[in-house]
Every structure is written in structure tokens, then in C-alpha cells.
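Chains as they are written, first to last, in our numbering: chain F, 1 to 320; chain W, 1001 to 1320; chain B, 2001 to 2341; chain R, 3001 to 3341.
For each residue, glycine too, the CB sits at the ideal point set by N, CA and C.
Just so you know, these numbers come straight off a predicted model, no measurement behind them.
See below for the structure under consideration.
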Ligand SMILES: Cc1ncc(C[n+]2csc(CCOP(=O)(O)OP(=O)(O)O)c2C)c(N)n1
Ligand SMILES: Cc1ncc(C[n+]2csc(CCOP(=O)(O)OP(=O)(O)O)c2C)c(N)n1
Ligand SMILES: [Mg+2]
Ligand SMILES: [Mg+2]
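Rendered as C-alpha cells:
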């Protein structure tokens, strides 16, 4: 059995082994193997190619941009997604604009340990994917499975553009697979994680699993809920979403991020404008609450959507 | 006649005069009166209360937070909205979380000279409102008129929460009013900028004027287009939007920001979920293109929505 | 019952001013050490969510800044400032309540562990982003100046790693330009998480940064409580007297993992055996005994008193209500009517 | 026709190495001065969109870094580096095409004025955010090291104001830790836009920051071309020889507004009359004449040649196609099939 976290380690090991242009840079990623052990033993296995960085997110990302200009393919680990606010300027204004301004691609991969865990609190729990998706020039991946964590990270490194790789901390240890994939769906294609015909849940990352649990619960009540795992939110596979809504006539978009804007707004906007006639009922969204992410599990469990609140929301949708 | 820019200056003069807790801090805001002259003569009129800052956006915002904790009401000028990426962490993680974490409000006003002008280029043209609206704990104002620029800025200073005040650079000189208002609509209420019955345009900031011009053009073709000026995008006045869509049955959301996510997505998502039955046709959105904001006016004029592209989009909507 | 942080926990044999403040500081250090040991054991018992970060080895430096400040000053402690917090006046209960998520704590379960404070009382609650508190303290001091309040000092703490942040630089420079009475205490504990100083900076000494900001710098052996009290006392005095920001570098070794989840296997054994590796609490204890400022039995009594105080506080906290999502006010704004919640 | 930047524009009377490089540098300075005067006049004629930023007074410092580098090095010029750009090898046409928005320029109308470069050729195109280019140059140098390429130097420029950015600090420290061959050139021109140094920093001298990063520092009178060539030459040599990052502070006065829209009325008259206020181009001219390295008539010829070159370039550029939104490829990604456009 291999975990989501190990898959991320394995993908990096393979990227380092296959491509001499790849190196890893981030706080404590070297000898120590990273705060979450996502780079465990890599410094030992690939001497000189996995480097500890100072606590300087702006310079870390800026240096990756320069290295990419000079032909490298850096993988950057932010210790937590939340700290990428400090490297934000380099990401959205420098990396993201490089290719459009100069026709020289900027192939960097920025790994963001994302999302909430019990006890994480306001500054170690954020889901920042929508911020990065808003800016032109970035690709934003949000893998929900062990297989995708592996194959999408490999693809991220291979892609010529800057990729924001949102790996979910809650899935690190919770998610296990038999083995690593040898083939994979390409980025930009969503996956039908569970087929259904009564309604569609469109979601991504950790919320795929809450949604699948909700669908399972609702199956006990006789409902067949389709669950779409977006896999990447930019590009966002509108076609697969619309095809599902065409089958079910009902849409619930679920995300773990803050409610204003974000992925769920983008999904509803696309379906409303491009698939209006497919809908049999008003589409719905479910997000986290509009406060910082709380520390205490009692609050955190209510702040973010869960299988329970998703099925409740879905029941409302099915009632219409 | 008073310009949008002068209104901003006047509001700051009044805030300084009325409330000893107010001070202004930002690059070149002192003796020089600011890059756009929004603080012209204020350092002279209010000695010691309008201070030049070093080129340190993170520290500028951080210091405002501390000052607010100690009872002041700082007004911070970013030289351009685009540079707020450097102060991003302090805004979204420190200012925005203060009240929720500690029950001590953080009354700071951050003025962001926003939006595109001919020749501005990728780093002096951005519309960052959606980024800030995504984060809990912030209020985001986007005044489109001279009157609102004045009264909303005064309100921003009075409000106990951090306010992101997106003032549009294109409107600085282009927009004039007879006089400053003595009464004002409160923040959180949208305004019907033009009444109509065939379709609704929901928009804000500079795009209000492009939309009004489009409505005027379409009036020549016999259409009565309603234009809603959101005024603030967080809070976003869903009720006024829904009431308008109830009247017209058709919705076009227009924004100058990048297309993924943003204000237009949030509008469509809200109307689709809360006002689905009010719609007679699929709602539409019009945003800037998904590239950085181009420098040359030839490109810039096509990158952002204009009266011409808004009316074209509206004709499509009216055809359905 | 719970010791009031306002009162000095001192009942010493000699009455010299130095020994008085030394002993007082020592008792805060002891209380800090013991409460963190308690929290670590609660963590191992699965009673605490999220991380636990202890300050073992850093108590002397931390207590020295906390006790050099006075009421009305501003203090923004960081991760390893349990001792300084207590000395500055943070109730012991705040610590336990925050770690245990009590609804009655200052953070009410919304934030945890070291992310606590009482901004109304001049103690800022840290956000995690390193360096972010420094400009906030600078801003507090600007506010005092605007308001015509004189004589305030503001202090904040950071680690060797935190000096690499842009936030540190911008804030130090801003404070220097404004000539603010800011005391910046750097605990150079040789590691930032697992990263040794050699991968963090290469200046001869972190105090060399002071000249680059045009401010005064101080270095201190942070395993030596007496030295810390003296140096921090001077720095605070100089800040208060109008000499602008003060940079204080305390050298020591982190004697625990980065957090309780970390066994710190990577720490260089040579460092542990060096003078930096001394335990400041033990060193202080030795000093007290050899100076005959207190008898061994007195130290044991103090230990017991502190332990009792902690046990009482834990017993109290553990019975307190936890946050309840249904009673929770899910509103981030102070201006309630503008909330979209 | 347009002078090829690869060739040295030198035909001097004496042949000493010093005079050769001085005269060569002088001619780049002259070309820079004249092309910026031309652009400023185009601006006043309404022919240029957005801002115009000239480097009057800074040509000596800028040309010194540009000409101390060699092919294969990395250079990230900033706002006021017209002379350095030319000396490093940027075609004159790049400047005009970018200012005038020609579709044939390196930025193709997508970006303007000073935001231009040729990253494939080692010249990075600045983004506006001050400080942001420094870590990028550091990263280029890391890449060269990873790739086993030896002997590269990377240089970048910033102003007094830019030293206050967190980006500057983080990148200088990172470069120091990695011991990268980075030359950081600071043009201390006394103002950041309207803000005088007294509101920007209070260290005795900006070179005092070097010790705080553990790197070598140099100061130079940037009104003196000879001194600049010598100091920058040394800094580049030391970086290339493996002595790690070099911080060079050049002192001078900005002899124009921040941009052409700014009349710089706020500049202290005392500064203008001080030694800092000397015009480096005039000083260099005097030096050439008094050293008898060239006759006055030769200088006039050079002036005419440069003017001709500029006029030709303008005449060419002005006839070039402008960006056409309908032909524009509105796609930000290199990976076209992943574009949502
Ligand atoms: C901007 C930022 N980046 C990364 C982190 C993650 N982080 C938390 S503590 C830490 C190490 C801090 O080291 P140091 O400053 O030396 O303090 P110490 O833990 O040694 O007391 C890191 C990297 C953070 N909190 N903030
Ligand atoms: C991070 C950031 N903040 C603000 C600005 C706006 N800005 C552009 S140039 C400038 C002044 C720069 O001064 P200095 O660094 O001394 O360079 P100089 O113009 O004197 O050459 C400012 C504030 C910016 N470009 N980047
Ligand atoms: Mg440390
Ligand atoms: Mg300057």
C-alpha cells in the first residue's frame, strides 16, 4: 500500500532520476526530508539536488524563476500553502507573466501542502487554489487520489508552464492505493469518480472523498449521485461537468475554500451560462464558512463541508 | 467641478480633520502629495499626520495593523494596487483575521489605485478586488462615481474592519461631478445606475461607465438595459441584483479583472442559485482576457471589456 | 490557587536588587519549563490538537525581555516565549486554555497553541508567518507617538531563521527610519526547524545586521540569565531613552525538537556539548545556589508551588467548555451588518 | 546604419587599456543619454504611452556594470540602466521598439518602456515590483552551478529605495548562503521618487548592509566613470573568482524627475550643488579632454554618430507594425492545449 504522501515522494524521486534539470528547493526538504516527509531520503539519493532554503519564500520562488529561465525544472516546496502568501508576488507577477511577456516558458512546480486538518488553525489550513487560478499564466492542479498525486506531479514537472500543485494534507496519510499508476489521465480532464443519474456533485481535492461518502449515504436512500473530480481547477474541464449535468439535471459544487468566489463560483457560473438548459433545478454550492479556518476540531469540523453537510445540501437540491 | 481623484483627496482631508485617530501612510504621500496627487497638500494641512513610507509594503500594512490595535485609523496608500501583492500576507492573514481571532477590530483603510489605463502594462493595471473578497474579514469597496469615491472612503475610515478601497485610476481624471455629496447610500447597497426592463448588466468600478455607454448605444436600437453598480463587491448586494433580474429576466455580469473566478463568477453563481427561476435566458459574463494586462493601447483596448464589446455581448443575450 | 501574574513570585533570602530580579525571573522560567513539560505530556496523551512548541533552553532570554518591559509596554512574543509571556503578565491560564481549546481562553478555540495574545493589553497574538509581528509592534509604537503617549517600549522576538524573512528587514528598516523604541530579540538557537545556521545565513554574527539598519546591536550569552537580564534591561532602557531600535542577539541551543513531534536527531552533538548547549535553567539554578541566594530546599519548594499552580490550572481548564459550533458566532467582521455570513 | 552593439564603438587616440575602456564606456553613456533625450522628446510629443524613465546622471555606474560583464553572464538591469543595457549588448532598437510598442520588439507591445529584456540571452526583463529581479538572478546562477557551467557572473541593479524591500533582503541573504557570484549594484541617487534618503534608511552608509549578509561591499563615487569602471570591474572579478556576492553602492544624484512627468521640484538645491550633483557624462568628457584621450572635435563626431544612429533607429521603428489585437495570440501559457483562452 502506498499513501498519497508517498506517491508525492515517489513522483519527485522519479522526476529527479529521469531529468537532470530537476532539483528540489524548500525549507527543511534536504537531510530532514521535509516537514511532512514528502522528500524523505531524496537528498541522500540525489546528492546536491535537494537543497534546504532559508525562510525566504519570495527569494525561493524568485530563484526558481531564474533557474527555469536558465533551463532547470525546479520543484519548490512551500512548508504550508499558507506561507505562499509571502512568495505571492513572485508567483503571480513574475512566474505567471514570463511566457506571455517573453515567449520563454517558466517551468516551475510549486507544491502547496493545502487544506485543513484537525488542529491546523487559521495559518496552516488554507486552500489557496482560487487565488492562483485567477491569475493568467498558471496551471493549478488539485489531485484527490494517490494515483493523481503521483501522475499529475510528474506531469507538473514536465509542463512548460508554472504549476501550482495543491496537495491536500488531510489526504497525506488517510489515502492509500495498491500501487502507483503507469498510465494516467492527462491534466485538464476531469474524472467521473462515481457515476449517477439523479444529481451531480462537482468537486476536487479532499472534498471528493467527503462527496463520495455523501453519495454513498444517499445511495442508501435510493439516490444515485454522480461525483466529478475536477483534478485540475485551471484548466477546468467544463465539458465533463456539462456532460454530467446533462445526464443528471442537478448540480452541487463543493469546495473547502472560503465562500466568496472560488472554484464553486466558477463552476456555477460556467454551468449557468453554458449549460443553463440542462438544469432541472437551481444549482447549489457548498463551501467553508466565511471566517478564518478555526483551530479547534469542534469548530473546524463545522467550518468545512463534510459528508453530512454535503448530503444535507444534496437532499435540498433533490427536493427541488 | 470636482474629479473622482479630488473627491478622494477631499474625503481624506475631511477624515483627517474630523478624527484625530486618522493618519495617512504610503510612498510619496507626504510633501509630494502622492504619485497621483490623491494626498495633495494634506501633509502641509495636517502636519505630522501624512507620512512618507519606505518601499516596504509588507511593513507599511503591518504597521497599520499595529497602529489600529492601538486605537488609530490609518489610511494606507499603495502606489499601485499591483504592489499590494507585496503586502498581501499582512492584509489577508493579519488584518483580516484580527477581529475574528481576538475580538479587537482592525480599522484600516487600504487604498488601491486599481485597474487599467492606456500604457499601464502588466504591473500597473491590475484589478485585485476578487483576491481580497475571497478572504474572510475584509470589506472590498469599488466606487464608480465621484460621489461614491468620496462618501465610501469616509465610510471606509469609519468602519471598524479592514477595508480594501479599490479606486479606479481611469476614473481619476475622466470622471467629474458638480459637488460632493452630503448624504450617501450606505456600503453594502448596490445602485441602479440606469433603469431598464429588457436585461440587467451587473458591474462595478470603471466598467459601470462602459456599461452605461453600451446601454445608451442599445437604447438607440430600442432596448432598455438596466445597469446595476455594485459599489462594494464584499458585501455584495444580492438582493438588488435579484430584484433587477426579476424585472428583466436577463443577466450580463461585466468585470475588468481576469476571467477565471472574480466578481462575475460570484454574481452568476448567486443569481443561478438564488434567482434561477427569474432568468429567461442563460446568464452571461464578460471579463478581461486571460493574459496579463498588455501595455500597448491597441492591445489593452481589446483585453478589457468596452462599451462596444459589452453591447455585442448584450445583443447575444437579447437574442436568446 | 493560580498565581496572579501581576505579583512577583519572590521570597528570596538576599534582598539585593540583582538577586531579587534574578530570582523572580528564575521562578518564571521554572513555571514556563514546567508548564511546557505538562503540555508536552498532555500532547503525548493525545489531549492536544495540532502542534506543541516548547522553549526548553530559551527561557532565560525570553524571561529577560518579558521582565524588562513594564505595564503599558507592547510585547509580541513568538513561538518560544512562554517565560517572557508569563513575566510580561500573561495569565498561565491563557496558555492552557489556548492549547486545550477552552472556550473561555483568549482565543476561544479559534486559534491554538502559541497563537494567543491580548492585544488590548499590549500583548499581540502572533500569526504564524514569521516576521509578521515586527511591523505590527512598530505600528503600535507609531500609534503611541501619534497619541502623544511617551515612554512606551515595544518588544518582539524571532529566531535565527526568521531573520531571513523580508518582513524582518522591512520592519527593522521602518522602525529605524521612524526611530521607534523597538527592541528586537533574536533567539539564535542554531536551527530553524531542521535547518542549521550554515544554511540560513553566513554573516559573522547576526548582530552585524544592526549597522545595516543604523541601529544599536547587543549580543548576549543566552544560557546565562544574569547576562540576559542585564543586556535586555539595557536594551529596553536605551529604547525608552530615545536611542531608537535595539537589536539583541541571544545565542543558545534549542534543547528540544522544533515541535514535540520532532526528535531533533539532526542536532549536531558537538553543539550539544558546547557552551551553547547548556541548559539556562540549570545554569541559573547553579548560580542561585552558589551565590547562596536561595537554599536547595527553597528551590524544591518553588518547584512544587509551580507544579501545583500548573496542576490547578490544568484541572480547571480541562473542565471548561469547549467551543461549540452551534453557539459559535460565524462572523469575521466587527461590522456585523456588513457580514455576508 | 544602426551600430551593432557587439562591436566596440571606439577609435581613440591613445591605446592604453584604461583609456580604451573609458572611451568605449563613454560612448555608450553618450548613446544612452541621447536616446533617452530622444524618448523624452517623443513623450512630450505624445508619441509614447505610459511612463518614460531616464537615467540622467546614472550612466557612469550603469555602463560600468554593463561593460564589466561579458557574454554568457547574466544581467538584470532596472529602471535607469540604459547605458548598462547597451554595454551588455542590448540592441538600441530594443529600447525604441519597446517604448514605441513595435510588434517587432522583444516585448511585442505586450510590455513597455523599461520592462524589456532577452532572457534567452541572459538579460532578464524586469517586472515592476522592486527587488523582484534579485532572486531571479540568484536562481540563474544556481542553474549555472547545477549545470556545471563555471565562470558566470550575474549582476542586477536597484535604487536606494529598492533596498527597503523584503525582496532585496531575502535574495541577498540567499545569494550569500549559496555563495553565488552575484553583483548587486545599488544606485544611491538620494531619492526614491520624491522620497529622500532620510525617510528611506538611516544607516551610515548603505554599504554597511554587506556585513549583515556576510558579503563583500564596495563604495564608489558614481559621478566618476573611471572610479566606476574600476570598482565594478573589481566586484565582477571577485564574484567570478569565487568570493561570493558583492554589494556595490554608487553615490550620485538623479538629475531628472522620477519619470518625465515629474519636475523633481522637491530635490534639495544643496544636493544639486554638491559633488553628488555632478553630471557623470560631463565629468567623463572633461576627463577625456584633460587626459587628451580624444579631441573636442572627436567628441562632437561621436555625438553626431550617436545621434544619427538614434535617428535611424527611430525612423525604422516608427514605421514598424504596431500590435494588432486581432492577430494577437491571447494565450498566456506555453502549453497551448491547457489554455482556457
Ligand atoms: C514565512 C514563514 N515560512 C515558513 C514558516 C514555517 N516555519 C515555522 S517555524 C519555522 C522555523 C523557525 O526557525 P527560527 O526562526 O530559527 O525559530 P525557532 O523555531 O528556532 O525558534 C518554520 C520554517 C513560517 N512559520 N513562516
Ligand atoms: C514593491 C514596489 N513598490 C512600489 C513601487 C513603485 N515605485 C516605482 S519606482 C519607485 C521609486 C524607486 O526608488 P529607487 O529604488 O531609489 O530607484 P530610483 O527611481 O531612484 O532609480 C517606486 C516607489 C514599485 N515599483 N515596487
Ligand atoms: Mg532557530
Ligand atoms: Mg533612488
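Checking 7 Å against the spacing of the C-beta atoms, do residue 3176 of chain R and residue 3214 of chain R come in under that value? Taking 7 Å as the Cβ cut-off, residue 3176 of chain R and residue 3214 of chain R qualify as a contacting pair.
Please return the same chain residues whose Cβ sits closer than 7 Å to the Cβ of residue 35 of chain F, not counting the five positions on each side in sequence. These residues qualify, in order along the chain: 28, 79.
Please name the residues in the region 2180-2205 of chain B whose beta-carbon is closer than 9 Å to at least one beta-carbon of chain F, in chain order. Cβ contacts with chain F come from 2192, 2193, 2194, 2195, 2196, 2199, 2200, 2201.
In whole angstroms, what is the alpha-carbon distance linking residue 1155 of chain W and residue 3163 of chain R? Distance from the CA of residue 1155 of chain W to the CA of residue 3163 of chain R, rounded to the nearest whole angstrom, comes to 35 Å.
For residue 3114 of chain R, would you say it is in contact with chain B, using Cβ-to-Cβ distances shorter than 7 Å as the test? It does not: the Cβ of residue 3114 of chain R has no partner Cβ on chain B nearer than 7 Å.
Under DSSP, the alpha helix (DSSP H) around residue 2287 of chain B begins and ends at which residues? From DSSP, the alpha helix (DSSP H) with residue 2287 of chain B extends over 2280-2290.
How should residue 82 of chain F be labelled, buried or exposed, when 16 other C-beta atoms within 10 angstroms of its C-beta is the threshold for buried? Label assigned to residue 82 of chain F: buried.
Within 10 angstroms of its Cβ, does residue 3007 of chain R collect 16 or more other Cβ (buried), or is it exposed? With a pLDDT of 40 at residue 3007 of chain R, under the threshold of 50, the predicted position of this residue should be treated as unreliable, though the coordinate-derived value follows. Exposed: under 16 other Cβ atoms inside 10 Å.
Using 8 Å as the threshold, is the region 172-184 of chain F in touch with the region 210-228 of chain F, meaning 3 or more CB pairs across them? Contact fails: fewer than three Cβ-Cβ distances are below 8 Å.
At the level of alpha carbons, what is the spacing between residue 1030 of chain W and residue 1009 of chain W? Cα-Cα distance, rounded: 13 Å.
Using 8 Å as the threshold, is the region 165-176 of chain F in touch with the region 258-277 of chain F, meaning 3 or more CB pairs across them? With a cut-off of 8 Å, the region 258-277 of chain F and the region 165-176 of chain F do not count as touching, because too few Cβ pairs lie within range.
Go to residue 3135 of chain R, then tell me how far its alpha helix (DSSP H) extends in each direction, as first and last residue. Per DSSP, residue 3135 of chain R belongs to the alpha helix (DSSP H) from 3133-3146.
By how many angstroms is the C-alpha of residue 1045 of chain W removed from the C-alpha of residue 1295 of chain W? One C-alpha to the other measures close to 37 Å.
Residue of W:1103, W:1025, W:1315 minimising C-alpha distance to residue 1220 of chain W: Per the Cα distances, W:1315.
Flag this pair as yes or no: are the beta carbons of residue 252 of chain F and residue 311 of chain F separated by less than 7 Å? Against a cut-off of 7 Å, the Cβ pair of residue 311 of chain F and residue 252 of chain F comes out as no contact.
Contacts around residue 120 of chain F, its chain only, beta-carbon distance under 8 Å, and the 5 residues preceding and following it disregarded: Same-chain partners within the cutoff: 169, 293, 295, 300.
Listed by chain order, chain D residues near residue 3340 of chain R by CB distance under 8 Å: As a matter of chain content, chain D is missing from the structure shown, whose protein chains are F, W, B and R.
Any heavy atom of ligand 3 closer than 6 Å to the CB of residue 52 of chain F? A distance criterion of 6 Å places the beta-carbon of residue 52 of chain F beyond contact range of ligand 3, judged by its closest non-hydrogen atom.
Which first and last residues belong to the beta strand (DSSP E) in which residue 1165 of chain W is found? Following the DSSP letters along the chain, one finds residue 1165 of chain W inside the beta strand (DSSP E) bounded by residues 1163-1168.
Using 7 Å as the threshold, is the C-beta distance between residue 2223 of chain B and residue 2147 of chain B below it? Not closer than 7 Å, so no.
Relative to ligand 4, is the shortest distance from any of its heavy atoms to the C-beta of residue 277 of chain F smaller than 6 Å? Residue 277 of chain F: no, Cβ never under 6 Å from ligand 4.
Considering only the alpha carbon of each residue, which of B:2338, B:2321, B:2325 lies closest to residue 2103 of chain B? Of the listed residues, the one whose Cα sits closest to residue 2103 of chain B is B:2321.
Is residue 1135 of chain W near ligand 4, in the sense that its beta carbon is under 6 Å from a heavy atom of that ligand? Result no, Cβ not under 6 Å from ligand 4.
With the cut-off set at 7 Å, would you say residue 190 of chain F and residue 237 of chain F are in Cβ contact? Residue 237 of chain F sits close to residue 190 of chain F, with the two beta carbons spaced by under 7 Å.
Interface positions of the region 100-114 of chain F facing chain R (Cβ-Cβ less than 9 Å), listed along the chain: Listed in chain order, the positions of the region 100-114 of chain F with a beta carbon within less than 9 Å of a beta carbon of chain R are 100, 101, 102, 103, 104, 105, 106, 107.
Assigned secondary structure, residue 1 of chain F (DSSP; H/G/I helix, E/B strand, else coil): Coil.
Is the CB of residue 2148 of chain B under 7 Å away from at least one CB in chain F? No - not a single Cβ of chain F is within 7 Å of the one on residue 2148 of chain B.
With a threshold of 7 Å between beta-carbons, can residue 286 of chain F be considered close to chain W, or not? Put simply, the CB of residue 286 of chain F is far from chain W, with every gap to its CB atoms at 7 Å or more.
Please report how far the alpha carbon of residue 3210 of chain R lies from the alpha carbon of residue 2192 of chain B, in whole angstroms. For the pair residue 3210 of chain R and residue 2192 of chain B, the Cα-to-Cα distance works out to about 23 Å.
Mind checking if residue 1094 of chain W is an interface residue toward chain B, Cβ cutoff 7 Å exclusive? Closer than 7 Å to the CB of residue 1094 of chain W there is at least one CB belonging to chain B.
Is the CB of residue 2320 of chain B under 7 Å away from at least one CB in chain W? Not an interface residue.
Using CA atoms only, rank isn't needed, just tell me which of F:255, F:275, F:274 is closest to residue 288 of chain F. Nearest in C-alpha terms to residue 288 of chain F, of all of F:255, F:275, F:274, is F:255.
Per-residue DSSP class, three states only, for residue 1251 of chain W: When secondary structure is reduced to three states using DSSP, residue 1251 of chain W falls in the strand class.
Of all Cβ atoms in chain W, is any one closer than 7 Å to the Cβ of residue 3144 of chain R? So no, residue 3144 of chain R is outside the interface.
Chain W partners of residue 52 of chain F, CB-CB under 8 Å? What residue 52 of chain F touches in chain W: nothing, since even the nearest Cβ is about 22 Å away.
Three Cβ pairs or more, each shorter than 8 Å: is that satisfied between the region 2197-2208 of chain B and the region 2134-2149 of chain B? Because the criterion of three Cβ pairs below 8 Å is not met, the region 2197-2208 of chain B and the region 2134-2149 of chain B do not touch.
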